[in-house]
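In this text, residue positions in the sequence shown follow the working numbering: the first is 233, and each later residue adds one.
The beta carbon of each residue, even a glycine, is placed where N, CA and C say it ideally should be.
The structure presented is a predicted model; accordingly, all values stated were derived computationally and were not measured.
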Amino acid sequence: MVANITEELIKKAEKISDEATKSLDCYHDIPHTLYHFTNLDSLISILENKTVRFTHYKYLNDETELNFAWENITEFLLKDKINIPVDVIDHLKNITTIINKRKNTYIFCLSKILDNLAMWRMYADDGFGVAIGFDSDVEPEQNPRHVFSPTIAKTVYDMDYPSELKNLFIFIEENSHKIQLPQCKGSNVENELKFFNYLGVPLQILSMINKHPSFRLEEEIRLLLFDGELAPNGFNYPEQMRYQWSKCINHPDLNIINFNDGSYDIT
Numbered sequence: 233m234v235a236n237i238t239e240e241l242i243k244k245a246e247k248i249s250d251e252a253t254k255s256l257d258c259y260h261d262i263p264h265t266l267y268h269f270t271n272l273d274s275l276i277s278i279l280e281n282k283t284v285r286f287t288h289y290k291y292l293n294d295e296t297e298l299n300f301a302w303e304n305i306t307e308f309l310l311k312d313k314i315n316i317p318v319d320v321i322d323h324l325k326n327i328t329t330i331i332n333k334r335k336n337t338y339i340f341c342l343s344k345i346l347d348n349l350a351m352w353r354m355y356a357d358d359g360f361g362v363a364i365g366f367d368s369d370v371e372p373e374q375n376p377r378h379v380f381s382p383t384i385a386k387t388v389y390d391m392d393y394p395s396e397l398k399n400l401f402i403f404i405e406e407n408s409h410k411i412q413l414p415q416c417k418g419s420n421v422e423n424e425l426k427f428f429n430y431l432g433v434p435l436q437i438l439s440m441i442n443k444h445p446s447f448r449l450e451e452e453i454r455l456l457l458f459d460g461e462l463a464p465n466g467f468n469y470p471e472q473m474r475y476q477w478s479k480c481i482n483h484p485d486l487n488i489i490n491f492n493d494g495s496y497d498i499t
């Protein structure tokens, strides 16, 4: 049973978690133009409908990404001086699995660079597609619910983790004797859920943006949107936008509609 999850400990977890999460957000450190590599059909769809499609994380091009991220995190925690026990790492992974089951994460992939031949081959229809330049200063139209407020995250390659994230790992090590899967019963339920959610959120985001170092030349930026029971704004997206099946690509996606900018920077 999880014990001694006090209000003071929860406040510490909240502060450290918030700092770690912010360290993964690169909103103020991105170039004026970001590029999305795709095929001609997708280009036409984006221009005609003024719609971009965010893909559910389970249906990215490389389905092994999430496994690599956790293997990488585990290796870092075991080999570094942090020395978190294996069973605690397993608990943390299970916690993020629980979060993922109750929070849908949708991803739109961009790059800071245009002239990478490998990216043209891999993502732009083997060189016959396009790279769409998005002005990073332009925001989509906001409806009254402000549904479009993505986390803008720079992909983390290998173990290049920011210091704030390492501070979270140290906090976890110091409190590892208190970390078990939430029991969800008894008088401490609310404190347990808060504590584990604070620990899990930055790790869940990291698992969505941590890639093998062989992809480092892509200089990828990922826009993340969250929807669901444990998302910051709950079930924030209208049913017609959320988790719908696309006939052309056959996977769940989230359509973000109506950009307010009338010009297009197409390369």
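Check: Does DSSP put Gly359 in a helix, a strand or coil?; Outcome: helix
Check: Are the beta-carbon atoms of Phe366 and Leu298 separated by less than 7 Å?; Outcome: no
Check: Grab the span of the alpha helix (DSSP H) containing Phe401 for me, first residue to last.; Outcome: 395-406
Check: In chain order, what residues of the same chain lie with their CB nearer than 7 Å to the CB of Glu451, ignoring the 5 residues before and after it?; Outcome: Ser343, Lys344, Ile345
Check: Less than 6 Å between C-beta atoms, sequence neighbours within five positions excluded: which residues of the same chain meet that for Pro394?; Outcome: Ser255
Check: Decide if the segment 454-464 is in contact with the segment 391-408; the criterion is three or more beta carbon pairs, one per stretch, under 8 Å apart.; Outcome: no
Check: Do you know whose CA, among Ile314, Pro445, Ile262, His323, lies nearest Ser368's CA?; Outcome: Ile262
Check: For Lys247, count neighbouring Cβ atoms within 10 angstroms of its own Cβ and tell me buried if that reaches 16, exposed if not.; Outcome: exposed
Check: Once you ignore the five residues that flank Thr328 on each side, which residues in its own chain have a CB closer than 7 Å to its CB?; Outcome: Gly432, Leu435, Gln436, Ser439
Check: Once you ignore the five residues that flank His264 on each side, which residues in its own chain have a CB closer than 8 Å to its CB?; Outcome: Asp367, Ser368, Asp369
Check: In whole angstroms, what is the alpha-carbon distance linking Leu279 and Ile364?; Outcome: 10 Å
Check: Please classify Asn336: does DSSP put it in a helix, a strand, or coil?; Outcome: strand
Check: With a 10 Å radius around its C-beta and 16 neighbouring C-beta atoms as the bar for buried, classify Gln476 as buried or exposed.; Outcome: The predicted position of Gln476 is uncertain, since its pLDDT is 46 and thus under 50; no value can be drawn from it.
Check: So, with DSSP's three-state summary, where would you put Leu256?; Outcome: coil
Check: Leaving aside the five residues before and after Gly348 along the sequence, list all residues of the same chain whose C-beta is less than 7 Å from its C-beta, in chain order.; Outcome: In the sequence under discussion, the amino acid at residue 348 is Asn, which differs from the Gly named in the question. For Asn348, where only same-chain residues beyond five positions count, the Cβ hits under 7 Å are Leu449, Glu450.
Check: Please report the distance separating the alpha-carbon of Ile314 from that of Val284.; Outcome: 41 Å
Check: If you count every other CB in all the chains shown that lies within 10 Å of the CB of Glu239, and 16 or more means buried, which is it?; Outcome: exposed
Check: Alpha carbon to alpha carbon, how far is Cys480 from Ser274?; Outcome: Low confidence applies here, because Cys480 scores a pLDDT of 41, under 50, leaving its location unreliable and the question unanswered by this model.
Check: Name, in chain order, the residues that DSSP records as bridge partners for Phe366.; Outcome: Leu266
Check: Sort out for me which residues DSSP pairs Ala245 with in a bridge.; Outcome: Beta-bridge pairing links Ala245 to no other residue.
Check: Determine the direct distance from the alpha carbon of Ala356 to that of Phe308, and round the result to whole angstroms.; Outcome: 33 Å
Check: Would you report the Cα separation of Phe467 and Phe403, rounded to the nearest angstrom?; Outcome: 31 Å
Check: Could you give the distance in angstroms between the alpha-carbon of Pro244 and the alpha-carbon of Asn399?; Outcome: For clarity, residue 244 is Lys in the given sequence; the question names Pro instead. Whole-angstrom Cα-Cα distance: 11 Å.
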